[in-house]
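Student: Dumping the structure here so I can ask a few things about it.
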Amino acid sequence: MELILVNPRCAPNVALITLNRPKELNALNLQLMAELRDALRQLDQNPDVRCIVLTGNEKAFAAGADIKQMANSGAIDMFHIDQFNTWDQIKKTKKPIIAAVSGFALGGGCELVMLCDMIVASETAQFGQPEIKLGTMPGAGGTQRLTRAVGKALAMEMVLTGRFLTANEAFSAGLINKVVPVELYLQEAVKLAQAVAAMSPVAVKLAKEAVLQAFSGTLEEGLLFERKNFYLTFASKDQKEGMAAFIEKRPPNFTGE
Ligand code: DAK
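With the working numbering applied, the sequence shown closes on residue 745, and no number is skipped along the way.
Following this line, the structure appears as structure tokens:
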């Protein structure tokens, strides 16, 4: 890995991925996205990892896809490169991913953040979809995930004018989970990851899958999906352990079985 740093154990059962192109404000070029896809796939298969934190640096989570790399591409070049394949693989990560965001989260950077399951931001974070200023528009889910998160009016304003949201605006709009002082954003994200990692890994994956189902299909389909995953948790040792621990008034020991 050249453009990302991977620490599979930054805290017990928590892995940390750091986007690492600081001079380019972590612009998401094809290599970086491929490395991210591969790292997530490996961590998803690593039984010691139960939750993943994804971060950038203090100045930028990521300032978008690499404009210099795509500036001269034609539609057919884009079609052949098929970046969607990489993004789709990332989307398939079963373990929860928490974005720890400081500074710019723009364009593809904002879309990558929204692909994560929870978002902790520093007070300096800025979220935006400025593609319109480049004569294009969001292409990796921005028009859909942003609209679902913040509603039509604000999403339209951001997508049509390129206006950035401050961290506090993003919090009020329901885009992110938490805003903390800049020196704490990573620590808080890891703390949140540890809270998730303390739960049954089987139940966590099934619950993540069920929550995401709320974004596709009808309510009825979502409820059926939830029911299936709910039943499935009763096939796990963790469910027996969790309920026995409650009855015996002791902390549970979840093993992921
Ligand atoms: N791409 C390439 N380089 C970038 C970049 C980017 N998105 N953002 C910044 N840089 C580079 C700058 O060119 C500069 O490089 P040098 O000139 O030093 O060589 C360096 O990073 C530092 O940037 P600045 O000098 O501009 O720093 P400032 O603090 O003055 O400004 C800024 C920060 C974030 C306001 C500014 O850099 C900026 O406006 N950046 C562009 C933001 C933007 O428009 N982002 C949206 C890009 S379009 C897709 C998936 C995703 C996408 C599309 C398709 N598929 C799955 C098909 C996503 C598209 C986008 O994200």
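Built from N, CA and C at the ideal position, the CB exists for glycine as well.
Could you have a look at PHE703 and say whether DSSP puts it in helix, strand or coil?
Tutor: In the sequence shown, residue 703 corresponds to position 215, counting from 1. PHE703 falls in the coil class under three-state DSSP.
Student: For the region 594–612 and the region 543–555, state whether three or more C-beta atom pairs, one from each stretch, are separated by less than 8 Å.
Tutor: Cβ pair count under 8 Å is three or more, so yes.
Student: Pair every Cβ in the region 699–709 with every Cβ in the region 730–740, then say whether three or more of these pairs are closer than 8 Å.
Tutor: No: fewer than three Cβ pairs fall under 8 Å.
Student: Using the DSSP secondary-structure output, state which residues sit across from ALA609 in a beta bridge.
Tutor: For the purposes of this step, residue 609 is identified with residue 121 of the sequence shown, where counting begins at 1. Its beta-bridge partners are VAL589 and VAL667.
Student: Under 6 Å: does the beta carbon of ASP554 sit that close to some heavy atom of the ligand DAK?
Tutor: Within the sequence shown, residue 554 is the residue found at index 66, counting from 1. Yes; taking the cut-off as 6 Å, the Cβ of ASP554 has a heavy atom of the ligand DAK nearer than that.
Student: Check the Cβ-Cβ distances between GLU676 and every residue of chain B, and say whether any is below 7 Å.
Tutor: Of the protein chains in the structure, only one exists, and it is not chain B.
Student: Measure the alpha-carbon distance for VAL667 versus THR612 and round it to whole angstroms.
Tutor: In the sequence shown, the residue the question calls residue 667 occupies position 179. In the sequence shown, the residue the question calls residue 612 occupies position 124. Using only the alpha carbons, I get a separation of about 9 Å.
Student: LYS693 and GLY650: beta carbons closer than 7 Å?
Tutor: Your numbering for residue 693 matches position 205 in the sequence shown. Your numbering for residue 650 matches position 162 in the sequence shown. Contact: no.
Student: For GLU619, is the beta carbon positioned less than 6 Å from some heavy atom of the ligand DAK?
Tutor: Reading the sequence shown from its first residue, position 131 is the one you call residue 619. Within the cutoff, so yes.
Student: Strictly by DSSP, which residues pair up with CYS539?
Tutor: Counting from one through the sequence shown, the residue named residue 539 turns up at place 51. For CYS539, which the question treats as bridged, DSSP gives the partners VAL502.
Student: Suppose you measure from the CA of THR624 to the CA of SER590; what does that come to, to the nearest Å?
Tutor: Your numbering for residue 624 matches position 136 in the sequence shown. Your numbering for residue 590 matches position 102 in the sequence shown. Going from the Cα of THR624 to the Cα of SER590 covers about 25 Å.
Student: Alpha carbon to alpha carbon, how far is PHE722 from GLU714? Give it in angstroms, no decimals.
Tutor: Locating residue 714 in the sequence shown gives position 226, counting from the first residue. Locating residue 722 in the sequence shown gives position 234, counting from the first residue. Approximately 13 Å between the Cα atoms of the pair.
Student: Pop quiz: ASN508 and ASP554 are said to be a contact at Cβ under 8 Å. What is the actual Cβ separation, rounded to whole angstroms?
Tutor: Looking up residue 508 in the sequence shown gives position 20. Looking up residue 554 in the sequence shown gives position 66. ASN508 to ASP554, Cβ: 14 Å. No contact.
Student: Might you give, ordered along the chain, the residues of its own chain that have their beta carbon closer than 7 Å to the beta carbon of LEU674, omitting 5 neighbours on each side?
Tutor: For the purposes of this step, residue 674 is taken as the residue at position 186 of the sequence shown. Taken in chain order, the residues that qualify are THR543 and ALA588.
Student: Who are the near neighbours of PRO626 in its chain, counting only those whose CB is closer than 6 Å to its CB and skipping five residues on each side?
Tutor: Residue mapping note: residue 626 aligns to position 138 of the sequence shown, counting from 1. Correct list, in chain order: GLN617 and GLU619.
Student: At which residues does the alpha helix (DSSP H) containing GLY744 begin and terminate?
Tutor: The residue labelled residue 744 in the question sits at position 256 within the sequence shown. From DSSP, GLY744 is part of no alpha helix (DSSP H); its letter is neither H nor E.
Student: Ignoring anything shorter than 3 residues, give me the beta strand (DSSP E) runs that lie fully in the region 599–653, in order along the chain.
Tutor: Runs of the beta strand (DSSP E) inside the region 599–653: 606–610 and 614–616.
Student: Please state whether DSSP places ALA677 in a helix, a strand or coil.
Tutor: As a working note, residue 677 is residue 189 in the sequence shown. Helix, per DSSP.
Student: Tell me the rounded alpha-carbon separation between GLN614 and LEU720.
Tutor: Sequence index remark: in the sequence shown, residue 614 carries index 126 (1-based). Sequence index remark: in the sequence shown, residue 720 carries index 232 (1-based). Their backbone Cα atoms lie some 40 Å apart in a straight line.
Student: Just how far apart, CA to CA, sit PRO739 and ASP726?
Tutor: What you label residue 739 is simply residue 251 of the sequence shown in a count that begins at 1. What you label residue 726 is simply residue 238 of the sequence shown in a count that begins at 1. Between PRO739 and ASP726, the C-alpha separation is close to 12 Å.
Student: With the cut-off set at 7 Å, would you say ASN501 and ARG538 are in Cβ contact?
Tutor: Counting from one through the sequence shown, the residue named residue 501 turns up at place 13. Counting from one through the sequence shown, the residue named residue 538 turns up at place 50. Yes, the Cβ-Cβ distance between ASN501 and ARG538 is below 7 Å.
Student: For THR574, I'd like the list of residues in its chain whose CB is within less than 7 Å of its CB, leaving aside the five on either flank, ordered along the chain.
Tutor: Indexing the sequence shown from 1 puts residue 574 at position 86. Hits under 7 Å: MET521, ALA522 and ARG525.
Student: To which residues of the same chain is GLN682 closer than 8 Å at the C-beta, ignoring the five residues directly before and after it?
Tutor: Translated into the one-based positions of the sequence shown, residue 682 becomes position 194. Once the five neighbours on either side are set aside, the close Cβ partners of GLN682 are ALA499, PRO500, ASN501, VAL502 and CYS539.
Student: Taking the beta strand (DSSP E) that ALA550 belongs to, which residues open and close that run?
Tutor: Position 62 of the sequence shown, counting from 1, holds the residue named residue 550. Per DSSP, ALA550 belongs to the beta strand (DSSP E) from 548–550.
Student: Once the 5 residues before and after MET606 are set aside, which same chain residues still bring their CB inside 6 Å of it?
Tutor: Taking the first residue of the sequence shown as 1, we reach residue 606 at position 118. These residues qualify, in order along the chain: ILE586 and ASN665.
Student: Based on Cα-Cα distance, which residue from PHE659, MET558 and LEU700 lies nearest to SER610?
Tutor: Indexing the sequence shown from 1 puts residue 610 at position 122. Considering only alpha carbons, the answer is PHE659.
Student: Mind checking which residues open and close the alpha helix (DSSP H) that includes ALA563?
Tutor: For the purposes of this step, residue 563 is identified with residue 75 of the sequence shown, where counting begins at 1. Its alpha helix (DSSP H) spans residues 563–569.
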